[in-house]
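Asker: Dropping the structure in here first, questions after.
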Amino acid sequence: MARHGLSNVLRLALRDYWHERLLSLCAIMGLAAVLAPLLLLFGVKHGIIESLTHRLLSDPRNLELVVMGSGRYDASWFTTLGADPRVAFILPQTRSLAATMSLLTPGQTGGPAVTVDLIPTADGDPLLRRWGLPTPGQGQVVLSWSAARKLGLGPGQDLVGRVGRMVAGQRQEARLGLKLAGVLPLEAQAQETAYAPLDLLEATEDYRDGFAVPNLGWEGAPRPESPRVYPSFRLYAKGLDEVAALRDTLLSRKLEVHTRAEEIEAVQSLDRAFTIIFGLLASVAVLGYFAATAANSLANVRRKMRHLGVARLLGFATGDLVWFPMIQAGATSVLGVGVALVLYAVAALVINQHFGPRVCPGEAVCRLSPSHGLVVLVLTLLASVLGAASAAWRVAGIEPSEVLRDV
Amino acid sequence: MSGGEVSSRAVLAAAPGGAVLYQLREVTKRRSLGAGFVLQVPELTIRAGEMVALVGDSGCGKSTLLDLLAMVLRPDGAEAFTFQPAAGARLDVWRAWQGNDQNRLARVRGENLGYVLQTGGLLPFLSVRDNIALSRRLLGLPRQGWTEALAKRLGIANHLSKLPGQLSVGERQRVAIARAMAHQPAVVIADEPTASLDPIRARQIMDLFATLVSQYGATLVLATHDRQAVEHGGFRVVKFVLSQAPRDSSVLARVEG
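Protein sequence lines correspond, in order, to chains H and B.
Per the numbering used here: the first sequence = residues 1 to 407.
Per the numbering used here: the second sequence = residues 1001 to 1257.
Below is the structure:
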């Protein structure tokens, strides 16, 4: 009986809703008129912020923290910082003066060599990963576009690296064969650089210091058995939000750090401003919709008092009948959200087509995800059911004997 | 309670049916409209199969008594108020009201009662067919063929797909009667069912109503201000005696019959 009661109330409510379709349509359009501009505003906010964030994220340099000057960082420093959850990638760097190498094509006898800065890399390097390049292994390097162009080499080709030093006024040099693992595009690196495993940078540094590098066959004095200390490092944060936090941590340790946090903060403050404006508008709209639903439901129930009284007479339980205004308000919110989403979709299409040429592929000026639609639906349903609660309360108090006859 | 009343009840007990359906003793209901109104039911027994007419002028308490019998109005006091639609299914209405067991009352109402109002008892947003079938649907009873058969009996078979608003007042009353009877209730309660019709149509519908009720074996309790309308139909007449309450100015209505 109770089961039949509720399903029948559902049926009655929807039939009545359809019977008064003109009024229902007005309520639906009323909701859609409030909701569509809000959706559009939120879509623009979301689309712009997402595009800006996307652009920031697409350049790993925005996540990079560059430590100025040189310090003395030992293994424990790297272990500590490497364990920080905000850190995506950290790798020691050798002395910059020692981290250069002259590159030649195989069999090149004369002509100038291309001198490149060596930059250490390892698995997980955000820069190489961003450009889909492999991590160079032992005896491999990734060259910047300008270095590769000067050498006239492409990926997979061999080249020769040369390191020179002065020992007791005498010029010495060491060579090793290298393989070009990949070329970094110009927009990623404008300088002439080579990305190589840290081992190679350490070997170069040792050789320049006059030591031997046995595994490369480079001669010199044996390197003293002391733990290595690095003057610098490469550091990338996990995400945009972590850059500023990580920078502050480093600043508190008296390190001078250069980041692009200002640009990130500009986007974030734009996001915050948008959110505040949107929040204000949405609160006013929600409040208005809530009040409208309450008034509408209450007026409806009063108008239909007699019918609801008849339903009670027919044996509908009060507990089932209170759903009558709730179901109708729910129908309005579902259909209203539907219409609003359609209106939004049309407007978003126009906006994106108009501004489309100015954004990169994969970006949009106005964009909502399906989960946003779902959240809007749930919130609207909630607001309307709460709005209809007073009407439901009124239904619960219906005395058939008082409403059935026109006294 | 006077001896005369007892004897009149004894006569009525011989009427068809026999099992006690309603038993009311010292039931009172106060309504605070205007100067105040008190309905008193010293003793009222309605047996299954009876056709009872509550006769009196407007404001005499007919509707109040009907609502009490329909279990939609809470009595203020009662020595006894029971409803027994079938053997072994006795409901102590007074106790259910005291326990505020509204859902039980609604269930008993839905299963055992059919109600015809003077006007406007139909839901305007449901078709005639759905209006008639509503009580069966609510009970989860099969609807196949029932609606059509009833509609045919009442001469409204060609209106089934229409909305009530498209029908005349007389046709609407036929629909209301069909709906009240569709789920074969033990009792059909009708409040001035023909008051908004012209006398000829009123007579037709009243006759049809009475015939249907007796054919389906239901009990009919009907309120009317028109004494003539029920004189021919073999109704048992219940009257209301009005008096001024001695203490205040409220009207006292005693049910006698």
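Built from N, CA and C at the ideal position, the CB exists for glycine as well.
1) Among all the DSSP beta bridges, which residues are the ones paired with B/Gly-1036?
2) Write down every uninterrupted run of the beta strand (DSSP E) in the stretch 164-233 of chain H whose length is 3 residues or greater and which is fully enclosed by it, in chain order.
3) Counting only beta-carbon separations shorter than 8 Å, does B/Gln-1098 have a partner in chain H?
4) Would a check of beta-carbon distances place H/Thr-318 closer than 8 Å to chain B?
5) Less than 8 Å between the beta carbons of B/Leu-1260 and B/Lys-1029, yes or no?
6) My output table needs one value for H/His-258: the three-state DSSP class, helix, strand or coil.
7) Using C-beta distances below 8 Å, list every residue in its chain close to B/Gln-1118, excluding the 5 sequence neighbours before and after it, in chain order.
8) With DSSP as the reference, identify every bridge partner of H/Pro-120, one or two as the case may be.
9) Just to confirm my understanding: we take H/Ala-190, look at its own chain, exclude 5 residues before and 5 after, and list those with CB closer than 8 Å. What are they?
10) Would you report the Cα separation of H/Thr-100 and H/Ala-174, rounded to the nearest angstrom?
11) Starting from the beta carbon of B/Ser-1135, find every residue of chain H whose beta carbon is closer than 8 Å, and list them in chain order.
12) Quick check on the DSSP output: the beta strand (DSSP E) that includes H/Thr-100 runs from which residue to which?
13) So, is the C-beta of B/Arg-1107 closer than 8 Å to a C-beta in chain H?
14) Using a Cβ-Cβ cut-off of less than 8 Å, give me the residues of the stretch 1121-1153 of chain B that come near chain H, in sequence order.
15) Could you give the DSSP three-state label for B/Asp-1076: helix, strand or coil?
16) Tell me whether the beta-carbon of B/Ala-1070 lies closer than 8 Å to the beta-carbon of H/Leu-308.
17) Chain H beta carbons: is any one of them nearer than 8 Å to that of B/Ser-1250?
18) Rounding to the nearest angstrom, what Cα-Cα distance links B/Leu-1012 and H/Ala-383 in this structure?
19) If I'm right that B/Leu-1239 touches B/Val-1020 with Cβ under 8 Å, what's the distance once you round it to whole angstroms?
20) According to DSSP, is B/Lys-1152 helix, strand or coil?
21) When you compare only the Cα positions, how much space is there between B/Pro-1124 and B/Leu-1163?
22) List, in chain order, every chain B residue whose beta-carbon is nearer than 7 Å to that of H/Ser-401.
23) Confirm, please, whether the CB-CB distance from B/Leu-1122 to B/Ala-1176 is below 8 Å.
24) In chain order, what residues of the stretch 12-43 of chain H put their CB closer than 8 Å to some CB of chain B?
25) Take the Cβ of H/Glu-262 as the centre, count every other Cβ of all protein chains shown within 10 Å, and call the residue buried at 16 or more, exposed below.
26) Using a Cβ-Cβ distance cut-off of 8 Å, determine whether B/Ser-1196 contacts chain H.
27) So, using beta-carbon positions, are H/Ala-194 and H/Val-116 closer together than 8 Å?
28) On a Cα-Cα basis, can you pick out the residue from H/Leu-22, H/Ser-51, H/Leu-41 that is closest to H/Gly-363?
29) Please return the same chain residues whose Cβ sits closer than 6 Å to the Cβ of H/Pro-228, not counting the five positions on each side in sequence.
30) What does B/Ser-1063 reach in chain H if we use C-beta pairs closer than 7 Å?
31) Assign H/Cys-366 to one of two classes, buried (16 or more other C-beta atoms within 10 Å of its C-beta) or exposed (fewer than that).
32) Going by DSSP in three states, H/Ser-70 sits in which element: helix, strand or coil?
33) Give me the Cα-Cα distance between H/Arg-15 and B/Ala-1182, rounded to the nearest whole angstrom.
34) Suppose contacts are defined by Cβ-Cβ distances below 8 Å. Is B/Gly-1061 in contact with B/Ala-1186 by that definition?
35) Could you tell me the alpha carbon to alpha carbon distance between H/Tyr-17 and H/Val-310, rounded to whole angstroms?
36) In angstroms, rounded to a whole number, what distance separates the CA positions of B/Leu-1160 and B/Lys-1152?
Answerer: Based on what the coordinates show:
1) Per DSSP, none; premise fails for B/Gly-1036.
2) Runs of the beta strand (DSSP E) inside the stretch 164-233 of chain H: 170-184, 193-197.
3) B/Gln-1098 does not count as touching chain H.
4) Closer than 8 Å: yes.
5) The structure shown has nothing for residue 1260 of chain B, since chain B only spans 1001 to 1257.
6) Collapsing the DSSP output to three states places H/His-258 in a strand.
7) Excluding the 5 residues flanking it on each side, B/Gln-1118 has same chain C-beta neighbours closer than 8 Å at Asp-1191, Glu-1192, Pro-1193, Ala-1195, Ser-1196, in chain order.
8) H/Ala-196.
9) Annotation for H/Ala-190: Ser-144, Ser-146 place their beta carbon closer than 8 Å to its own, counting only its chain and skipping 5 residues before and after.
10) Straight-line Cα distance between these residues: approximately 13 Å.
11) For B/Ser-1135, the chain H residues whose C-beta falls within less than 8 Å of its own C-beta are Leu-314, Gly-315, listed in chain order.
12) It spans 100-104 - the beta strand (DSSP E) in which H/Thr-100 sits, taken as one unbroken run.
13) Yes, B/Arg-1107 counts as interfacial toward chain H.
14) For the stretch 1121-1153 of chain B, which is checked against every Cβ of chain H, the residues closer than 8 Å are Gly-1121, Leu-1122, Leu-1123, Pro-1124, Phe-1125, Leu-1126, Asp-1130, Leu-1134, Ser-1135, Arg-1137, Leu-1138, Leu-1139, Gly-1140.
15) DSSP places B/Asp-1076 in coil when its eight states are reduced to three.
16) For B/Ala-1070 and H/Leu-308, no; Cβs fall outside 8 Å.
17) Answer no: the Cβ-Cβ gap between B/Ser-1250 and chain H never drops below 8 Å.
18) Only weak support is given to the placement of B/Leu-1012: the predicted model assigns it a pLDDT of 39, under 50, and the question is left unresolved by the model.
19) It should be noted that the sequence gives Lys, not Leu, for residue 1239 of chain B. Not really, about 21 Å apart at Cβ, beyond 8 Å.
20) B/Lys-1152: helix per DSSP, three-state reduction.
21) Rounded to the nearest angstrom, the two C-alpha atoms are 6 Å apart.
22) Within 7 Å Cβ-Cβ: Asp-1067, Val-1072, Leu-1073.
23) Less than 8 Å divides the Cβ of B/Ala-1176 from the Cβ of B/Leu-1122.
24) Per Cβ criterion, the list reads Leu-12, Arg-15, Asp-16, Trp-18, His-19, Glu-20.
25) By the 10 Å Cβ count, H/Glu-262 comes out exposed.
26) Chain H, which has no Cβ nearer than 8 Å to the Cβ of B/Ser-1196, makes this no.
27) Taking 8 Å as the Cβ cut-off, H/Ala-194 and H/Val-116 qualify as a contacting pair.
28) Residue identity check: residue 363 of chain H is Glu in the sequence provided, not Gly. The shortest C-alpha separation from H/Glu-363 is found at H/Ser-51.
29) Here the sequence assigns Arg to residue 228 of chain H, which means Pro is not the residue at that position. Excluding positions up to five away in sequence, the list is empty.
30) The answer, in chain order, is Arg-405.
31) By the 16-neighbour rule on beta-carbons within 10 angstroms, H/Cys-366 is buried.
32) If DSSP states are grouped into helix, strand and coil, H/Ser-70 belongs with coil.
33) Whole-angstrom Cα-Cα distance: 21 Å.
34) No, these two residues do not count as a Cβ contact at 8 Å.
35) For the pair H/Tyr-17 and H/Val-310, the Cα-to-Cα distance works out to about 17 Å.
36) Straight-line Cα distance between these residues: approximately 10 Å.
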